[in-house]
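In my numbering, the protein residues as written are 145 to 382.
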Amino acid sequence: MTQIYQEIVDAKKQNNKLLAILLDPEKLKIADIQALCLKINRTKATHILVGGSTFNGNYLDELLIEIKKHSKLPILLFPGDYKQISDEADGILLLSLLSGRNPDYLIEHQINAVPLLRKTKLEIIPTAYLLIESGSQTAVERVSLTKPMDRSDNEYVAQTAKAGEFMGNKLVYLEAGSGAKIAVSLEMIKVVSTAVQVPLIVGGGIRTKEAIEKTFQAGADMIVIGTAFETNNSFFDL
Ligand code: 1GP
Numbered sequence: 145m146t147q148i149y150q151e152i153v154d155a156k157k158q159n160n161k162l163l164a165i166l167l168d169p170e171k172l173k174i175a176d177i178q179a180l181c182l183k184i185n186r187t188k189a190t191h192i193l194v195g196g197s198t199f200n201g202n203y204l205d206e207l208l209i210e211i212k213k214h215s216k217l218p219i220l221l222f223p224g225d226y227k228q229i230s231d232e233a234d235g236i237l238l239l240s241l242l243s244g245r246n247p248d249y250l251i252e253h254q255i256n257a258v259p260l261l262r263k264t265k266l267e268i269i270p271t272a273y274l275l276i277e278s279g280s281q282t283a284v285e286r287v288s289l290t291k292p293m294d295r296s297d298n299e300y301v302a303q304t305a306k307a308g309e310f311m312g313n314k315l316v317y318l319e320a321g322s323g324a325k326i327a328v329s330l331e332m333i334k335v336v337s338t339a340v341q342v343p344l345i346v347g348g349g350i351r352t353k354e355a356i357e358k359t360f361q362a363g364a365d366m367i368v369i370g371t372a373f374e375t376n377n378s379f380f381d382l
């Protein structure tokens, strides 16, 4: 039941860095998935994340079945809301948007997800999700109606992440937002990764191999790449 999470923890212990490719179902066509998975299989990706801020859940089962046909990587749902739940994935990041103060994203969506989650065998991984200011408004900010955290206040972000860990979250995710102008700062990643013991995910606005390398060096255990791969499926070949 906790296989995916255990593998993430083991990777952290062994300092094996993890790379997740984020696929936004709204932008995926079933017909394109085979070719896309061939590209993914040639990269160093260790996980596939599926989700988006505004996706209504249509065809999610079919999309996941098709991805599974062509890739052996573990698939984790990264849901914008409770409609994005499918038993066809392997696990789900059950997000609590701890950077914000909107009760819908702290508890309401999670409650609404329970009847659906009960019907699945998904591995549920509670995740403290922190949106960090990144130069302009991102979809997470717009949809969740929450403000991102100050990108220079490393201590307060670390304190929030630690609260998330104390509350039982198994992962901390520092999110600059998809397509962010500026990624989370390396300094913040250092401070937060030192403060928490659970694995740290970092994503949003990471667009170069050099940035990936530096983000890992700063202390990220897993990096999420969405836009860079979406706009150039050969991104990792360069
Ligand atoms: C978004 O962190 C992810 O939730 C990935 O962001 O699309 O900017 O890579 P990008």
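The beta carbon of each residue, even a glycine, is placed where N, CA and C say it ideally should be.
What you are looking at is a predicted structure, and each value in this text was computed from that prediction instead of being measured.
At least 9 Å separates the beta-carbon of Ala-320 from that of Ala-272.
Under the Cβ criterion (8 Å, minimum of three pairs), the stretch 357 to 365 does not count as touching the stretch 282 to 295. In the three-state scheme derived from DSSP, where H, G and I count as helix and E and B as strand, Pro-343 is classed as coil. Thr-198 sits close to Ala-283, with the two beta carbons spaced by under 9 Å.
For Glu-357, the shortest C-beta to heavy atom distance toward the ligand 1GP is 8 Å or greater. In the DSSP assignment, Gly-235 falls outside any alpha helix (DSSP H) and lies within the beta strand (DSSP E) extending over 235 to 241. The chain-ordered list of residues whose CB is nearer than 6 Å to some heavy atom of the ligand 1GP reads Leu-166, Glu-319, Ser-322, Gly-323, Ala-324, Gly-347, Gly-348, Gly-349, Ile-350, Val-368, Ile-369, Gly-370, Thr-371, Ala-372. Assignment of alpha helix (DSSP H) within the stretch 284 to 331, counting only whole runs of 4 or more residues, yields 298 to 310 in chain order.
Given a length threshold of 3 residues, each whole run of the beta strand (DSSP E) inside the stretch 183 to 229 is given here in chain order: 191 to 194, 219 to 221. The shortest C-alpha to C-alpha distance from Glu-210 to any of Ala-233, Ala-355, Glu-299 is the one to Ala-233.
For the pair Thr-264 and Gln-254, the Cα-to-Cα distance works out to about 15 Å. In this structure, DSSP gives Leu-266 a state outside helix and strand, which the three-state scheme calls coil. Cβ-Cβ distances below 7 Å link Val-340 to Ala-305, Lys-306, Glu-309, Val-316 in the same chain, with the five nearest sequence neighbours on each side left out; the list follows chain order. The alpha-carbon separation between Ser-278 and Thr-190 amounts to approximately 26 Å.
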